[in-house]
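Take 107 as the starting number for the sequence shown in the working numbering and just add one per residue. Remarks on the structure that follows.
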Amino acid sequence: MTQNGQTLIGQIIIGALEKSPRNFNRILEICHSTFPDELETILVGMENDGIVIRSEDEYKLDPSIPNLWNTIQNDWQENLDRAYKASSDIMTNIHLPHCLDYEWWFTHSGRQDLAYKLINHSLLPVPKCIAFLASPLLGAFISSLVPETEVYILDRSKTTLDTIGKTLDNKNLHLIHYDAENPLPTKLIGIAQMAFFDPPWYVEYYELFMRRCMQLTYGNYATVAMVLFPVLTRPNSLQERRQVIETAMSYDLSLINIEPQVAHYLTPRFESEVLNKKGINVKNWRKGDLALFFSDGSRLPENIATKIERFQWKEALIDKVKIKVKIKDENRNVYIAPEILTVHGSDAILSSVSRRDPFRDEVDLWTSTQRGFKIKGWKVIWKIIEGMQDGVTTTEEMVARVQESYPDVEVPDSVYAEVEKVWNQLKEHISKR
């Protein structure tokens, strides 16, 4: 494309004319207070370059310019039905969301509202590629809604990506198992003209995800969109929101708009357990604000690892319940008898979903039904969980797996009783779903 079409104002004009022909005054309104004489000069240049056609007082795109918008609008209802069907199938098959993975997912209507606003309210041309960070189900929905657009979903939950992959058959959908705390794979730098992220609602996560989005959109005029936590989320939310906006500005992002209460969330099972424990029964109460930014693609942040979470966890899936086990530094040549203990008294249900709650440091085993425990002998317990995931049915086979993991150690005969006790405890808590 020629120089006139490659400027930011040129891209905004193309984005406007994709949707419909417009007269000069209407284009002037869209172009954010560009001086009229400057706009006139740019339009003349774009006309000379074969990008726009002027017919009397109206401008439209030259037919030689690709227009994904027409394709999207012509097939909108058919693709919307397909997207809803795909979303329903995914929700039927997916695991229970887990607090440690911050798996607050949007409602069906919330996904549609966000998809509509991302596609229709962006001032830039329809993106050829959209990247989604920490929002896998919205990414899956949009990949069905705009099947001609390349969609990259980057998420740290492999179980979520596996479910999406088994449900959707779209050659333009790319599922990447990725934790944003790690450097972005080099091949993904500069792939997208739009990036959307829905991070955990903490300032340090916004900074991390903005860094990754700037890398994903490097070299392109792009829309960077995020869900912003509402002003009453915490006592200091106003100050924290200001920090998020200041971080965006430090990355040379320009704020376009903030739309309140757009992102509507399902109440996950783990949060319902906490609320029910406190005698509160509410559903789908959580909403977030949608913030849209421009990026001119000139900023490429350093591609470094950024550690936020203190602990590493192993993950298993048993009957749709996701189980996370904290990795501990145990001597591989010493057998430690497995034991499961509650964190607070006799109640296994954890009392908070907040990352800042001090109880989190005490939890070693955490289920997506919000059951949490301290453990001893994490290596043995992990072998039991692996066995449950693999469908082991006898104590003998389970013990054999444990013994295989200690090739140079004599495992005591008490292992049979110990394994059976822990196994029964796990089955009891997993069944409470």
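Quick reminder that beta carbons are idealized off the backbone N, C-alpha and C, glycines included. Note that the structure is predicted; figures quoted are calculated from it, not measured.
Exposure label - residue i; buried when at least 16 CB within 10 Å
i, result
"Val486", "buried"
"Lys413", "exposed"
"Glu346", "buried"
"Val515", "exposed"
"Gln418", "exposed"
"Arg462", "exposed"
"Glu135", "exposed"
"Val605", "Nothing in the structure corresponds to residue 605, since the chain is present only between 107 and 539."
"Ile433", "exposed"
"Arg438", "exposed"
"Arg392", "buried"
"Thr323", "buried"
"His138", "exposed"
"Glu379", "buried"
"Val440", "exposed"
"Thr147", "exposed"
"Val525", "buried"
"Val521", "buried"
"Phe141", "exposed"
"Gly62", "Residue 62 lies beyond the stretch modelled for the chain, which goes from 107 to 539, so this question has no answer here."
"Thr473", "buried"
"Gln183", "exposed"
"Ala301", "buried"
Close Cβ partners of residue i (< 6 angstroms) along its chain, the five nearest in sequence each way excluded
i, result
"Thr266", "Pro242"
"Asn288", "Ala411"
"Glu310", "Ile414"
"Lys264", "His283"
"Glu377", "Val459"
"Gln349", "Val309"
"Leu334", "Asp395 and Ala397"
"Ile178", "Val252"
"Tyr208", "Pro306"
"Arg160", "Glu153"
"Ile259", "Phe238, Pro242, Gly245 and Leu281"
Contacts around residue i, its chain only, beta-carbon distance under 7 angstroms, and the 5 residues preceding and following it disregarded
i, result
"His214", "Tyr190 and Ser193"
"Val528", "Pro444, Ile446, Ile487 and Ile490"
"Thr339", "Trp307"
"Ala422", "Ile429, Ile491, Glu492 and Gln495"
"Gln117", "Leu230, Pro231 and Tyr327"
Pairwise C-alpha distance: residue j and residue i
i, j, result
"Arg318", "Pro374", "27 angstroms"
"Leu230", "Lys277", "25 angstroms"
"Cys205", "Thr475", "9 angstroms"
"Gly403", "Val232", "16 angstroms"
"Leu294", "Val330", "16 angstroms"
"Arg466", "Ala237", "31 angstroms"
"Gln367", "Asp358", "25 angstroms"
"Leu372", "Asp470", "27 angstroms"
"Ala240", "Glu162", "47 angstroms"
"Leu145", "Arg405", "26 angstroms"
"Gly493", "Asp268", "20 angstroms"
"Leu220", "His227", "10 angstroms"
"Leu396", "Met332", "6 angstroms"
"Met107", "Asp425", "Because the pLDDT at Met107 is just 46, under 50, the model does not fix this residue reliably, and the point stays unresolved."
"Pro291", "Asn129", "44 angstroms"
"Glu468", "Phe479", "8 angstroms"
"Leu202", "Asn176", "38 angstroms"
"Ala286", "Ser356", "19 angstroms"
"Gln112", "Thr273", "38 angstroms"
"Asp181", "Ser457", "47 angstroms"
"Val158", "Gln299", "22 angstroms"
"Leu149", "Asp304", "37 angstroms"
"Pro87", "Ser343", "The chain is shown from 107 up to 539; residue 87 falls before or after that span and cannot be answered."
"Ile297", "Asn530", "48 angstroms"
"Leu244", "Ala122", "25 angstroms"
"Lys125", "Gly271", "32 angstroms"
"Leu279", "Ile119", "28 angstroms"
"Val505", "Val431", "19 angstroms"
"Leu70", "Asp261", "Examination of residue 70 is not possible in this model, given that the chain is present from 107 through 539 alone."
"Asp435", "Lys420", "13 angstroms"
"Val540", "Leu532", "What the structure shows of the chain is the stretch from 107 to 539, and residue 540 is not part of that stretch, so it cannot be assessed."
"Phe315", "Asn409", "12 angstroms"
Same chain, Cβ closer than 8 angstroms to residue i, neighbours up to 5 away in sequence not counted
i, result
"Ser454", "Strictly speaking, residue 454 in this sequence is Ala, with Ser absent from that position. If we look at Ala454 and ignore the five residues flanking it on each side, its Cβ neighbours are Thr448, Arg477, Gly478, Phe479 and His535."
"Arg416", "Asp467"
"Leu174", "Glu124, Pro231, Val232, Lys234, Val252, Glu254 and Thr255"
Minimum Cβ-Cβ distance from residue i to chain D less than 9 angstroms
i, result
"Trp488", "Going by chain labels, chain D is absent from the structure shown, which holds only one protein chain."
Item to check | Completely contained beta strand (DSSP E) runs for the stretch 144-184, where each covers 3 or more residues | outcome: 158-161 and 164-167
Item to check | Contained alpha helix (DSSP H) runs [length at least 4] in the stretch 457-511, N- to C-terminal order | outcome: 484-496 and 501-510
Item to check | the stretch 382-402 touching the stretch 247-257, judged by at least three CB pairs closer than 8 angstroms | outcome: no
Checklist entry - Can you give, in chain order, each stretch of the beta strand (DSSP E) that sits fully within the stretch 332-373 and has at least 3 residues? => result 360-370
Checklist entry - Should the stretch 170-178 be regarded as contacting the stretch 195-211, the criterion being three or more beta carbon pairs within less than 8 angstroms? => result With a cut-off of 8 angstroms, the stretch 195-211 and the stretch 170-178 do not count as touching, because too few Cβ pairs lie within range.
Item to check | Sequence ranges, alpha helix (DSSP H) only - wholly within the stretch 209-262, length at least 4 | outcome: Listed in chain order, they are 214-226 and 242-251.
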